[in-house]
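Residue numbers (this note's numbering), protein chains in the order written: chain A, 2 to 432; chain B, 2 to 432. Only one structure is covered here, and it is reproduced in the block below.
Number of protein chains: 2
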Amino acid sequence: MVERATIETIAKHEGQEVELRGWLFNKRSSGKLVFLQLRDGTGFMQCVMFKNDFTPEVFEAAKHAPQESSLIVCGTVRADARSKIGFELSVNRFELLHAAEEYPITPKEHGTGFLMDHRHLWIRSRLQHAVLRVRASVIRAIRDYFDNNGFLLVDTPIFTPAACEGTTTLFETKYFEQMAYLTQSGQLYNEANAMAFGKVYCFGPTFRAEKSKTRRHLTEFWMVEPEMAFCDLDENMRVAEDFLVYVVSRVLDERKIELEALERDTAPLERVQKPFHRLHYSDAIRKLNELGSDISWGDDFGGDDETILTQQYDRPVMVHRYPAACKAFYMKKDPEDPRLSMSVDVLAPEGYGEIVGGGQREESLENLMAEVEKHQLPREAFEWYFDLRRYGSVPHAGFGLGVERTVTWLCGIRHVRETIAFPRMLERLTP
Amino acid sequence: MVERATIETIAKHEGQEVELRGWLFNKRSSGKLVFLQLRDGTGFMQCVMFKNDFTPEVFEAAKHAPQESSLIVCGTVRADARSKIGFELSVNRFELLHAAEEYPITPKEHGTGFLMDHRHLWIRSRLQHAVLRVRASVIRAIRDYFDNNGFLLVDTPIFTPAACEGTTTLFETKYFEQMAYLTQSGQLYNEANAMAFGKVYCFGPTFRAEKSKTRRHLTEFWMVEPEMAFCDLDENMRVAEDFLVYVVSRVLDERKIELEALERDTAPLERVQKPFHRLHYSDAIRKLNELGSDISWGDDFGGDDETILTQQYDRPVMVHRYPAACKAFYMKKDPEDPRLSMSVDVLAPEGYGEIVGGGQREESLENLMAEVEKHQLPREAFEWYFDLRRYGSVPHAGFGLGVERTVTWLCGIRHVRETIAFPRMLERLTP
């Protein structure tokens with residue numbers, strides 16, 4: 002019996018006979034030859050059939066097999082310098098499993114709306130396939146980093162009871178006799194977990210009911226959020242930096258073929274090395290004004306500001322100590338200037354902007370209670386959160402990284418919607 | 002400067018001076034000695050202070066430090082045969098960071114309601130801590146298994162457009178101008194992904210609005226679902242078996258201290274080896290009747306049936322070919338008896354019951370359409386799913402494993418609610 006192989010690991014079968022199972026991605030023929038472009042889910046490979054090696058029926062079946070038909074082929078793996086993967090298959094057996102109906106996605110240009118309506122098929126296409134394989138590597142690298150650096154995965158809940166920070170961007174659902182809200186961040190729970198486990202991370206889907214139709218917004222997206230007990234802002238920045246360098250280098254190692262298919266210039270990614278630039282918020286404002294932005298001290302950055310700023314640097318920039326008014330109530334104030342917070346955003350280069358947001362949390366019960374009052378939040382809903390400052394409060398910090406924005410940057414594409422298999426947006430809930 | 006260490010990896014610091022940061026879990030004193038039980042999130046360790054080594058103020062502060070106060074201690078790591086972790090710390094520096102208020106969870110017995118109301122603190126307790134560390138290992142092992150065996154992680158959406166299989170157990174949310182439903186399974190999307198990537202898995206939270214108040218139900222729980230193109234029921238069973246053996250052995254390796262804290266008898270877990278018992282549904286019914294159950298051919302198993310059946314075996318049992326009527330519409334029929342489906346459930350031993358459900362999917366467009374009609378499902382909502390049978394249909398199969406039920410079994414505890422940091426149940430949405 003012939004060994005079953007996959008295209009991703011075909012190199013180890015050089016010279017051997019193997020069986021491949023997959024789908025017909027494309028083909029061409031020239032008299033005595035048929036060139037089948039096979040995809041098996043792990044990669045794309047050319048499979049060559051010589052007329053003389055087959056009965057006329059089989060050769061004709063191969064020649065006329067419709068796009069996306071399912072196939073089983075056997076043959077010998079041969080090195081081929083013209084191939085992107087370095088090998089092709091000399092076919093000696095061809096079996097058509099299922100002849101596809103006429104495939105809706107043709108080599109001609111389709112509009113994004115049409116392609117998104119056919120997302121369940123579009124993900125078979127070479128570029129979409131590449132993006133989603135990069136995504137899998139990003140997620141794997143994220144988990145490996147935290148698992149290998151003493152963090153414990155502790156999942157935080159999706160259903161949350163109170164609309165703590167205003168309901169405008171929350172999805173709500175009837176939860177038996179009450180209302181529940183879908184989480185926007187595991188932050189508060191993460192802090193409880195850090196007090197129990199030291200260094201933790203949560204990693205799951207989060208939800209924002211924003212009516213934004215921009216290339217940076219999804220209603221459902223994945224976020225990883227590490228949180229560390231006994232950690233200050235400086236240490237938090239060191240971890241974020243070390244973490245990002247690791248993730249980028251893993252993707253560069255594992256996804257060469259995919260980044261090439263995406264025509265991603267990898268030089269800017271190779272420059273993602275320590276140390277990142279560190280920029281105090283006040284210095285960032287000064288710099289932005291020099292560069293022509295009319296931003297004022299106290300303002301949060303707009304997307305344009307992030308773009309202008311990151312274009313000045315060859316690697317990510319960490320802007321720290323944003324005005325407290327721009328950040329969440331639980332952020333610790335800067336002891337040197339209480340108008341500022343002990344926060345940090347990491348801005349990706351090449352104009353991609355914010356991919357990480359985080360900071361040191363307020364550990365004083367008194368200050369935290371005052372903030373809850375100042376923000377007119379329902380104090381009762383935070384009693385359990387206050388407990389974390391009543392029983393062994395410690396300095397702690399953490400951050401969140403959005404998976405889709407990170408993948409968008411690493412793939413060098415424009416819109417986040419292609420970085421998740423079935424994106425959910427303001428006007429997109431199907432398929 | 003003294004190196005900072007964690008209790009989990011304290012063995013590598015034997016004889017060295019280290020710094021530990023954590024919380025006071027318990028303490029006792031006897032004249033010239035104070036024994037501090039320190040927890041740092043990674044483990045529990047005894048730290049010993051001799052009166053003569055400290056100023057009276059510091060020694061008194063240690064002696065009277067309230068439970069769950071946060072501490073920094075420095076000292077020398079010494080082997081100690083009486084210690085569960087094999088080491089204790091001879092303290093030479095003690096710093097009280099934050100003196101806790103009176104801690105609500107005392108060594109006395111508390112009711113589960115009280116403890117669940119204080120879940121953000123209860124997770125600091127030794128047994129809860131152990132369970133959640135087992136959970137993290139289970140999740141890590143699951144991901145490693147699939148990542149290392151050619152599966153690609155492809156996340157499936159949480160928001161789904163149609164209430165495909167009845168709305169009674171679905172949570173719904175207003176999605177701008179439409180309604181969306183929270184996913185109960187990534188199954189349908191997984192199949193699209195398998196046709197694009199070959200072998201895939203999704204792993205995320207899933208939701209069931211069941212009004213069940215049993216020890217096996219959560220409204221929000223995590224499920225991993227692998228799906229394989231070019232795979233039949235037999236191969237699916239082999240993968241499920243291989244996968245489970247791997248996960249159990251990883252947990253046994255990594256979580257010795259935690260399983261010991263839980264007083265888990267690990268002998269039954271060590272017997273989780275290939276091959277598992279395979280039992281045809283009809284044989285299972287016969288066996289159950291012999292054992293005194295009044296179940297009839299055609300019935301689905303009740304919890305009691307699973308308990309009785311699994312108590313007959315020393316390792317997991319795979320029951321295959323349940324009646325089609327008990328399973329989802331997309332399950333392939335048994336070619337040898339169309340009343341049956343090509344399904345499999347894996348039942349955990351020791352009475353724990355179903356932890357895996359899966360099977361081979363219907364790959365014929367015609368049969369699938371007939372099933373959708375028979376189940377009176379809205380055909381239009383399934384057009385995209387039908388496409389998977391129009392364009393290169395292939396035999397495919399997969400399964401789902403519930404994380405919380407698996408952790409319950411491995412920890413040998415009674416109720417799923419302790420296997421997730423912040424459980425969500427019929428009457429529990431807080432903290």
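By construction, the Cβ of each residue, glycine as well, lies at the ideal position given by its N, Cα and C atoms.
Which residues DSSP lists as bridging residue i, in chain order
i, result
"Cys-412/A", "None, per the DSSP bridge assignment."
"Asp-305/B", "None, per the DSSP bridge assignment."
"Leu-200/B", "The sequence as given places Lys at residue 200/B; Leu does not occur at that position. Note: Lys-200/B sits in a beta bridge opposite Met-229/B."
"Ser-31/A", "Leu-34/A"
"Trp-223/A", "Pro-206/A"
"Val-74/A", "Leu-21/A, Phe-95/A"
"Glu-259/A", "Note: Glu-259/A sits in no beta bridge, so no partner."
"Leu-39/B", "Leu-25/B, Met-46/B"
"His-218/B", "His-218/B pairs with nothing; no bridge assigned."
"Glu-355/B", "Leu-348/B"
"Glu-89/B", "Arg-79/B"
"Ala-398/A", "Met-229/A, Gln-361/A"
CB-CB length for residue i against residue j, believed under 8 Å
i, j, result
"Phe-152/A", "Gly-42/B", "With a Cβ gap of about 10 Å, Phe-152/A and Gly-42/B do not count as contacting."
"Met-196/A", "Gly-360/A", "Contact doesn't hold; Cβ gap of about 17 Å is too wide."
"Val-408/A", "Arg-217/A", "Rounded, the Cβ-Cβ distance is 12 Å, inconsistent with contact."
"Leu-234/A", "Met-343/A", "4 Å"
"Trp-223/A", "Val-404/A", "4 Å"
"Val-19/A", "Met-50/A", "So it is not a contact: roughly 15 Å between Cβ atoms."
"Gly-354/A", "Gly-304/A", "6 Å"
"Val-249/A", "Leu-219/A", "Not really, about 22 Å apart at Cβ, beyond 8 Å."
"Glu-15/A", "Ala-80/A", "6 Å"
Pair within 8 Å by beta-carbon distance, residue i and residue j
i, j, result
"Asp-306/B", "Arg-322/B", "no"
"Gly-401/A", "Ser-186/A", "yes"
"Ile-106/B", "Met-46/B", "no"
"Val-225/B", "Ile-143/B", "yes"
"Val-139/B", "Leu-411/B", "yes"
"Ala-131/B", "Ala-262/B", "yes"
"Ala-163/A", "Glu-173/A", "no"
"Glu-73/B", "Leu-39/B", "One detail in the question is off: residue 73/B reads as Ile in this sequence, not Glu. Cβ distance not < 8 Å, so Ile-73/B and Leu-39/B don't count as in contact."
"Arg-425/B", "Glu-221/B", "yes"
"Glu-236/A", "Asn-191/A", "no"
"Phe-423/B", "Arg-120/B", "yes"
"Ile-124/B", "Asn-194/A", "yes"
"Val-3/A", "Phe-231/A", "no"
"Val-273/A", "Arg-316/A", "yes"
"Gly-112/B", "Leu-90/B", "no"
DSSP three-state assignment for residue i, whether helix, strand or coil
i, result
"Leu-331/A", "The sequence shown places Tyr at residue 331/A, rather than the Leu named in the question. In the structure shown, Tyr-331/A sits in coil (DSSP, three-state: anything other than H, G, I, E or B)."
"Leu-122/B", "helix"
"Gly-403/B", "strand"
"His-14/A", "helix"
"Glu-474/A", "With chain A covering 2 to 432 only, the question about residue 474/A has no answer from this structure."
"Met-2/A", "coil"
"Ala-80/B", "strand"
"Thr-311/B", "helix"
"Leu-116/B", "helix"
"Phe-152/A", "coil"
"Tyr-425/A", "First, the residue type needs correcting, since residue 425/A is Arg and not Tyr in the sequence shown. Residue state, collapsed to three classes: coil."
"Thr-157/B", "coil"
"Arg-418/A", "helix"
"Arg-265/A", "coil"
"Ala-325/B", "helix"
N-terminal and C-terminal residue of the alpha helix (DSSP H) that residue i is part of
i, result
"Gln-129/A", "127-148"
"Phe-244/A", "234-255"
"Asp-1/A", "Coverage of chain A is limited to positions 2 through 432, which leaves residue 1/A absent and any answer about it impossible."
"Val-59/A", "57-64"
"Val-373/A", "366-375"
"Tyr-386/A", "384-391"
"Pro-269/A", "268-271"
Continuous beta strand (DSSP E) stretch holding residue i: start and end
i, result
"Asp-338/B", "338-342"
"Met-180/B", "179-183"
"Glu-173/A", "173-176"
"Val-320/A", "318-321"
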